[in-house]
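Let me begin by presenting the structure, written as structure tokens, before commenting on it.
As structure tokens, then:
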């Protein structure tokens, strides 16, 4: 694999399914990519990263520029964060350590207010962006990621030195989207990150939660009349919550995601994997924050709240 | 055991936990009680009925006047029906066969519209009543019922020859309540059966459904902040649905049942037992009918609907 040194250096913080997939795709496109790992370091250092992709075939990155400590990483221009939102506070020092001056930190995470929670913990000189991944991936084992379908990343600017320079912000978001496109990945610059996050919630709120609540993947959830109605109700409430918070989603957006899911291969959302591995569920980012934001705007979302409460019980029992 | 022949003859249709418990209590009080059984006939004919009661101690009725066919039963003045509502259509011929002229049929079942569904299938000469059981019982094995707590039966008149004679109807309901009281069981005559059914739903809607959805009995459900909120929301929606349908429940009724449940021994509601034994869940009577009645009255109950839809998925997967 050749490394083009005039390209930005990319650091992957948290090499799970998301970080592993996008990192390998970027490295494959010639970017200089450095991977921070924890439990999987030994496996990846020994045998590299494997992507078993239904779209791109079998990809194998070996050797991998892998690290167990952010202190050993070279300064990175872009940092892609693919960890769970439940660990963000712990990540801030690692991110600051691995960042080049003026680096761009891109949170590839779901939910609301993930940037707001991380921002006060980061140096002011860093740009913070959010990326919403429309992708079906999961970890099969140490260093092995299965990519079933899709892959697009929608990017928006959150905060940093360009906060008041609209056109420079847009250029920076475009630069991020261009990175992904150069790696063969669909990517769109989003003018409004909060709206992009609400849009992604239209998918995550129903499917993540119901996969845990009903121990079911997308195919059975889409194959039963009761769960279909429940999914549609949950989607409609997210759209209503977004609207109450000032984000009018594109017309027919919920139907669009519903139809995409119908055509997807059978998929277990990430929250189900968290549940099975007894990790904390991302309930704050995906449920509590949107519910609080909507309530603040005078909008109750009773079906989402019921799902959140049921998941709260499951999460506590599962700990 | 002595049998007093000048007392009404009682038939138990469906000798599960409910039918078994009340039948043995009535037989123990000297009533002439006849039990219709199916799969458990052999065990009960051989070794009688056992009640392991935390309130009344160990009760053993042996021999039992047990039957596999309603044709073999003597004509009964009162018929207590303790089967699942999901089987009511099949029961009508058995009830008609076992009934003495002018007999009283008492449905000891939860949910709405269970009498409405059965009524057209019964002879006009029979009285139909509903009984709401506030009791913690379950079957431990063939002919063995565990009684953990409570026991009260609230009775109301539904339909029959006395439909237009208010005071005669009241007298008949009182006669039913007196039967139970003579057996040491708290029993109240309810002026309005529909209201009594809505009141019972304040308990059944949250606890039956959540026990299946969250695979949890009452103690953990009452011990977690999220599920407590969910229970209270569900209870409040039942109260609201009842009110929309013209039934103003007693003030503080939901709080009363919530507090009772907090003091109860740990209990798995009957719907959980149905789920575990892969029997159909009583979703029509406990969820669909109340939702439809409230919607008809212009009242949406979104949390109950979400629970119903989630249970619909589980019920279909469990079949």
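Residue numbers (my numbering), protein chains in the order written: chain L, 135 to 453; chain U, 135 to 453. Ideal Cβ positions, reconstructed from N, Cα and C, are used throughout, including at glycine. As the structure is a computational prediction, the values presented were derived from the model and not from experiment.
If only uninterrupted alpha helix (DSSP H) runs of at least 4 residues are considered, those enclosed by the region 335–402 of chain L are 352–356, 359–378, 387–397. In this structure residue 176 of chain U is exposed. Its beta-carbon is surrounded by fewer than 16 other beta-carbon atoms within 10 angstroms. By the Cβ neighbour-count rule, residue 430 of chain L is exposed, with fewer than 16 other Cβ atoms within 10 Å of its own.
Residue 279 of chain U and residue 268 of chain U have their alpha carbons spaced roughly 16 Å apart. Look at residue 446 of chain U: its C-beta is under 9 Å from a C-beta on chain L. Collapsing the DSSP output to three states places residue 190 of chain L in coil. The three-state reading of DSSP puts residue 453 of chain L in coil, since its state is none of H, G, I, E or B. For the pair residue 400 of chain L and residue 352 of chain L, the Cα-to-Cα distance works out to about 6 Å. DSSP, reduced to helix, strand and coil, places residue 293 of chain L within a strand of the structure shown. Looking at the DSSP output, residue 286 of chain L shares a beta bridge with L:268.
Those residues of the region 426–441 of chain U placed with their C-beta closer than 8 Å to a C-beta in chain L are 436, 437, 439, 440, 441, ordered along the chain. Put simply, the backbone Cα of residue 192 of chain U is about 6 Å away from that of residue 185 of chain U. With a threshold of 9 Å between beta carbons, residue 361 of chain L makes contact with chain U. Taking a C-beta distance under 9 Å as the contact criterion, residue 356 of chain U and residue 396 of chain U qualify as a contact pair. The secondary-structure analysis by DSSP pairs residue 169 of chain U across a beta bridge with U:146, U:200. Rounded to whole angstroms, the gap between the alpha carbons of residue 238 of chain L and residue 379 of chain L is 27 Å. Taking 9 Å as the threshold, the shortest C-beta distance from residue 399 of chain L to chain U does not fall below it. Taking the beta carbon of residue 348 of chain U as reference, the chain L residues within 9 Å of it are 347, 444, 447, 448, 451, listed in sequence order.
Contact between residue 153 of chain U and residue 252 of chain U does not hold, since their C-beta atoms are separated by about 16 Å, which reaches or exceeds 8 Å. DSSP places residue 211 of chain U within a strand segment (E or B) once states are collapsed to three. For residue 257 of chain L, the closest C-alpha among the options L:287, L:285, L:220, L:295 is that of L:295.
Using a 10 angstroms sphere on the CB of residue 451 of chain U, the tally of other CB atoms stays under 16, which defines it as exposed.
Distances from the alpha-carbon of residue 367 of chain L to those of L:402, L:336, L:307, L:443 put L:336 closest.
In the DSSP annotation of this structure, the continuous segment of the alpha helix (DSSP H) that includes residue 404 of chain U starts and ends at 404–410.
At least one C-beta of chain L is nearer than 9 Å to the C-beta of residue 344 of chain U. If you look at residue 235 of chain U, you'll find it in the beta strand (DSSP E) that goes 233–241.
When the five nearest sequence neighbours on each side are left out, the beta carbons in the same chain lying within less than 7 Å of the beta carbon of residue 260 of chain U are those of 233, 237, 239, 294, in order along the chain.
At least one CB of chain U lies nearer than 9 Å to the CB of residue 367 of chain L.
According to DSSP, residue pairing for residue 185 of chain L in a beta bridge involves L:193, L:279.
Put simply, the backbone Cα of residue 342 of chain L is about 14 Å away from that of residue 391 of chain L. Assignment of residue 301 of chain L by DSSP, reduced to helix, strand and coil, places it in the helix class. For residue 344 of chain L and residue 406 of chain U, the gap between their C-alpha atoms comes out near 20 Å. Burial of residue 174 of chain U is indicated by the presence of at least 16 other C-beta atoms within 10 angstroms of its C-beta. Within chain L, no C-beta atom comes nearer than 7 Å to that of residue 327 of chain U; the closest sits roughly 29 Å away.
According to DSSP, residue pairing for residue 321 of chain U in a beta bridge involves U:287.
In the DSSP assignment, residue 248 of chain U falls within the alpha helix (DSSP H) that extends over 248–252.
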